[in-house]
Structure formats: structure tokens, C-alpha cells
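Q: Quick one: this structure, given as C-alpha cells, is what I'll be asking you about.
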Amino acid sequence: MNPATPVRVRFAPSPTGFLHVGGARTALFNWLWARHTGGVLVLRIEDTDAERSTEEMIRGILDGLEWLGIDWDEGPHYQSRHGDRHREAAASLVRSGSAYACFCTVEELAAEREAAIARKESYVYSGRCRRLDASESARRVADGEPHTIRFAVPAGETAWEDVVHGRTSFENRTIGDFIVVRSDGAPVYNLAVTVDDLDMRITHVVRGDDHISNTPKQILIYRALGVEPPVFAHVPLILGPDKSKLSKRHGAVAVTAYRDQGYLSDAFVNFLALLGWSAGDDREVMTRAELVEAFTLERITGKSAVFDVEKLEWLNGQHLSRLSGAELAAVARPWFTRAGVASDEEIEARGEWFEDLIALVKTRSRTLHDLVEQGRPFFPGPVEYQADAVEKFWKDPVAADEALTVAQQYAAAEDRWGELEAMEARLRALADERGVPAGKVMQSLRVALTGQRVSPGIFETMAAMGREVVDERLAAARAWLAARATDGRTS
RNA sequence: GGCCCCAUCGUCUAGUGGCCUAGGACGUAGCCCUCUCAAGGCUAAAACACGGGUUCGAAUCCCGUUGGGGCCA
321 MNPATPVRVR FAPSPTGFLH VGGARTALFN WLWARHTGGV LVLRIEDTDA ERSTEEMIRG
381 ILDGLEWLGI DWDEGPHYQS RHGDRHREAA ASLVRSGSAY ACFCTVEELA AEREAAIARK
441 ESYVYSGRCR RLDASESARR VADGEPHTIR FAVPAGETAW EDVVHGRTSF ENRTIGDFIV
501 VRSDGAPVYN LAVTVDDLDM RITHVVRGDD HISNTPKQIL IYRALGVEPP VFAHVPLILG
561 PDKSKLSKRH GAVAVTAYRD QGYLSDAFVN FLALLGWSAG DDREVMTRAE LVEAFTLERI
621 TGKSAVFDVE KLEWLNGQHL SRLSGAELAA VARPWFTRAG VASDEEIEAR GEWFEDLIAL
681 VKTRSRTLHD LVEQGRPFFP GPVEYQADAV EKFWKDPVAA DEALTVAQQY AAAEDRWGEL
741 EAMEARLRAL ADERGVPAGK VMQSLRVALT GQRVSPGIFE TMAAMGREVV DERLAAARAW
801 LAARATDGRT S
């Protein structure tokens, strides 16, 4: 391959209705390589004549790609529309003697296979029809006798220099004369892929390891067609926690499920890139631009990788925290409205406040979902006292109420609202005066204000909530505690 | 079963013959910070599957075994 040839890669999913994690990573690697080299990414939907793609079936894939920010330069092309080209190529293979018509019936082939099994040999087609006289073969085809077209695999071995695995080779006799066109005229996968890749002038085929055994067949076709095959890079598979191929059993398969769970596109892309690839230095948290800049096919590992959700969560938290309040607010806003925390108008009316709020809670959140739960109490309205918070800080309702009394007195007297340090100093002084530990007051206050056991610093919380909300929440909390104390019951 | 791929801490990985008493990250444990929880900082436990070679010297090269995975049947 001429090194000056501009890179052309392709992502060729079958229209399964969604983009799964493995496919997403393959797409990503192709995209990264195209962007890194300034090349072209072609999108091709690998439907077949048998199962033509419907709008609905490809939408899932396009949705996934869109969320990941993977854009393509050509396509989508549809494999099913190139059937004529595939058959044309098959015909030319027959003409050049690289393929032949096979008239063996299903029964005959089954018998061959059984005989092979009985002899404890692995089955490959015997090549019986290959020995047929050319004129006889042509006559039978002309007579309309049902037949497939088989590739005449030559003796020897087929090898290639895989970018990921190094030299990889197959003994041709283990391949056997494979079918390229079925008896109904439908081109077989390996032929279709090869012809399409050829027509689209693909220079690098970057795909999953599960295609390794297809590669020798495709290389054979390329050569028979008189062209040099492209560069192959077989990327190892992504495994589930039990080390088997990632599947539905392991939770979400469609990448959009991760979007819906509150992961950031950038974080997910970063995570996917790190599955089977590394920059070579110690960088892990990387932006899209950094990934594009650092990505090379040579640095892809040959070993399959287990999908580790915990690392994804951590990475997401990292990306979340690195966004500014304003940037994150834009992403988070629909999450708040969808969760019913506030309307779009309400957030719009307090845009700057909302951005500050997001900045306040982001380090405590790993997903957008966390962000909503953290931010929720800052909006007006009643809060729900969560069981774990009550258990931890309001175990004793009387003591809790005592602490809140101090808090209430403090809030009523506070005249430097918003000045964090001054607020803290005053509250501590007042707590001292009343003989109540300041820590108790603050913790009790946290439950009263947020209903949760986790929140930002209590003064930041108060400042962000505003005096009115704080007053309301304190009154409500005291009423709740009083009711519980007379009740004598625990929750 | 045949063919092919793979083999470093639980997980993701760095490592391409000496820089390795094997580095980083997630997770785990502890400490610091501290009004909670995160974040942040520090520390700890934790790996070269096994056996043979090659070499002055192997995580690194070769062979075999074992184990995992994929494709086909």
C-alpha cells in the first residue's frame, strides 16, 4: 500500500435496531483513525437482500452514533443495493477461473459432511464440481440447473500482516471452496463485503476479532480480482464481567442506554477508547480532541477487555467535574425538567443561579442522574426526609429539634447571608452559647434543608437556597420532628 | 471437534532483552482534610498462568502445556 494514499475507513454495522457497545467501539476506532489521519469514514449498512433494512432498524444505529458524536463523511450506503455489483464480480471470478458453478444438492453435501464426521475429519467441501468440464458446467448453467458459485481456493496458505495481531495465517486447505453466490442468486457475506470495500476504496479494515476467520476468504477474493487487499486491524472483543462476549445478560447493550442512565457522551467515548487502546503515557481522562490526536492503530492491544462499569462511573464523574457550571448546566437542564424538578421557564428565569448550583453539586455526582438528585432540594417546595438521613442524624428527635432551634435562631439573626465564613462563625458562636455542638446543628440542618445525608457544605447550601426556603424548611422540619416525638414511633 | 486469536495486580493497562526490588488508573483498605458525602492529597495490599529452552541477562524471543475467547461445524 502506498503510504501516501489517503486513509479511507468504514464502519459497517448490520441493521440490528441498535448500536451495541462492541459496535460502538469499532465505530469509534474507525472514526478516531479517520480523524487522526484526516481521512474519510464511510458508513455502510450491512443489510443483505434477505433482510433489507428498514428505517426503524437503522435509526437505532444512527441514534447511537449521533450520541457518541461519531460523524461520517460518506454514506450511509446500503449493501443490499449493490447486489448487481456483487454478482458481476462473481461472474468475473468464474470467467477468470477463480470460481465455478457447483451443482451439488443439499443432500449430497450433507452426505459428504457426515462421511467426513464419521472419519473424524473436519469438513470442507470436496471440490467435486470444480473438476467438472468447463463446457459441461456452462451447459448445465444455461439449462437453468440450480447451482451455487464457489470460490476455487488455491493450494498454499493465506496470510496478512494484521496491525493488531501481527502476521496471521491460515492453511488454505482448512478453508475449502466456499460459496460466494447462493443458488437463489444472493451474494454471500464475504463476497459482498469484499466488493463493497473494494468499490469504496477502503484502505484500512478495522473491525472486531470475530471477523478474523473471514479475512483469508476476503483476501483470496481480492487477489483473484487482481487487487491488493487493504490493511487489516482486528480489534479484540469486549467481554462481560464473566469474560464471555458482552451480551444482554450483562446489562445495557445499546449505547443509548448509557446515555439514558446519565453518562456523558465524552466520558463514554473516553471509556470506550480505553478498552483495548491506551495513549502509551499515563493519560486516562482525555477529551475527544486529545483522543483524536493520540490515537493510532498500532497502539491497540491484542487482548480482549472486560467492560468495567465502575471505571466508567469514575470517568464520568471526572468529565462531569471538569465541565464548567455553565457547560454542565446546559447538558443537565433537560434532566431536571424531565425529572419534574423544575420547568424550563423556572430554570430559565434563574439561569445564573442554576449554573452556580450545578457547579456546587457536580463533584458529588458521577452521573447526570446523581446531579438531579443532588440539585433537587435547592428548588422550592417540600423535601422528603430520607430514611438513611433520619437514621444517621435525626435518630433522637428531641436532640435534633434542639439543634434546629439553634439553627432557627441563627437564621433569624443572620444579616450577612451569603458570606460563607461570617455565617459559619456566627453559627458556631451561637451554638457555643447554647451549649449545643456546632457539628450537630449543621448536620441536623442538613437533613432539615435537603432531606438527605449528603449535600454541599451547609453554608453554601443555605446561601444557594435562599433565606425564604431555609425558613420554610426549618419550620417544616420542626413540625415533623414534633409530630414524631409525640408519636413516639420511629418513622 | 477443526481452525484462529489471546495470556502482566480483581478490572483497564504501561512494558517491545538490561532503566523492573514490574509503573499508572479503577476498585478495595487506612490516614489527612472535615458540618455530611464527594472531590483532592498521602499510604497500603494486589500481577508477569505453568514448564522447558535461547542469552552474560528474560514480563519481554522460541517451543510445549494449561487456561480463556472467537469463528465454523
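Sequence positions in the first sequence follow this note's numbering and run 321 to 811.
Glycine included, every Cβ here is placed at the ideal spot set by N, Cα and C.
Note that the coordinates shown come from a computational prediction; the quantities given were computed from them, not determined experimentally.
1. Can you name, in chain order, every residue of its own chain whose Cβ lies under 7 Å from the Cβ of Val681, other than the five neighbours on each side?
2. Using CA coordinates, which residue listed in Thr657, Gln706 and Leu413 is at the minimum distance from Glu699?
3. Buried or exposed for Pro561, please, with buried defined as at least 16 other CB atoms from any protein chain shown within 10 angstroms of its CB.
4. Three Cβ pairs or more, each shorter than 8 Å: is that satisfied between the stretch 572-579 and the stretch 493-510?
5. Since Arg527 contacts Thr346 with CB under 8 Å, what's their CB separation in whole angstroms?
6. For the alpha helix (DSSP H) that Ala354 lies in, which residues bound it at each end?
7. Any heavy atom of the ligand HEM within a distance shorter than 7 Å of the CB on Val651?
8. In its own chain, which residues sit with a C-beta less than 7 Å from the C-beta of Lys712, not counting the 5 before and 5 after it?
9. If you check the beta carbons only, do Val360 and His524 fall under 8 Å apart?
10. Since Thr494 and Cys422 should fall inside the 8 Å C-beta cutoff, what is the C-beta to C-beta distance between them, to a whole number of angstroms?
11. I'd like the span of the alpha helix (DSSP H) that includes Trp655, first residue to last.
12. Let me make sure I understand the geometry here. Which of Ile378, Leu611, Ala411 and Ala410 has the alpha-carbon closest to that of Thr357?
13. Near Val327, what residues of its chain come up, given a Cβ to Cβ distance below 8 Å and the 5 sequence neighbours on each side ignored?
14. Since Gln538 and Asn510 should fall inside the 8 Å C-beta cutoff, what is the C-beta to C-beta distance between them, to a whole number of angstroms?
15. Determine, using beta carbons only, whether Thr446 and Pro556 come nearer to each other than 8 Å.
16. Would Glu734 pass as a contact of Phe779 if the rule is Cβ separation under 8 Å?
17. For Ile437, count neighbouring Cβ atoms within 10 angstroms of its own Cβ and tell me buried if that reaches 16, exposed if not.
18. Answer with buried or exposed for Asp708, where buried requires no fewer than 16 other C-beta atoms within 10 angstroms of its C-beta.
19. With a threshold of 16 other CB atoms inside 10 Å of the CB of Pro654, please say whether the residue is buried or exposed.
20. When you compare only the Cα positions, how much space is there between Ala802 and Trp714?
21. Distance, Cα to Cα, Val473 vs Ser412?
22. Looking at the structure shown, is Thr325 part of a helix, part of a strand, or coil, going by DSSP?
23. Could you tell me which residues DSSP pairs with Trp597 in its beta bridges?
24. Taking only three categories from DSSP, how would you classify Ser489?
25. Does the separation of the CB atoms of Ala751 and Ala758 fall below 8 Å?
26. Classify Glu675: buried if its beta carbon has 16 or more other beta carbons within 10 angstroms, exposed otherwise.
27. Checking 8 Å against the spacing of the C-beta atoms, do Ala731 and Leu794 come in under that value?
28. Around the Cβ of Thr374, are there at least 16 other Cβ atoms within 10 angstroms (buried) or fewer (exposed)?
A: According to the structure data:
1. Leu691, Gln694, Gly695 and Pro776
2. Note that residue 699 corresponds to Phe in the displayed sequence, not to Glu. Checked all of Thr657, Gln706 and Leu413; the closest Cα to Phe699 is Thr657.
3. exposed
4. no
5. 6 Å
6. Val341 to Thr357
7. Inclusion of the ligand HEM in the displayed structure is not the case, the ligand content being empty and no account of it being possible.
8. Arg773
9. no
10. The pair is not a contact, with the Cβ atoms about 19 Å apart (cut-off 8 Å).
11. Gly645 to Arg658
12. Leu611
13. Trp353, Ala354, Thr357, Gly358, Gly359, Val360, Thr523 and His524
14. 6 Å
15. A quick correction: the sequence has Ser, not Thr, at residue 446. No; because the gap between Cβ atoms is not below 8 Å, this pair is not in contact.
16. no
17. exposed
18. exposed
19. exposed
20. 12 Å
21. 15 Å
22. coil
23. Ile620
24. strand
25. yes
26. buried
27. yes
28. exposed
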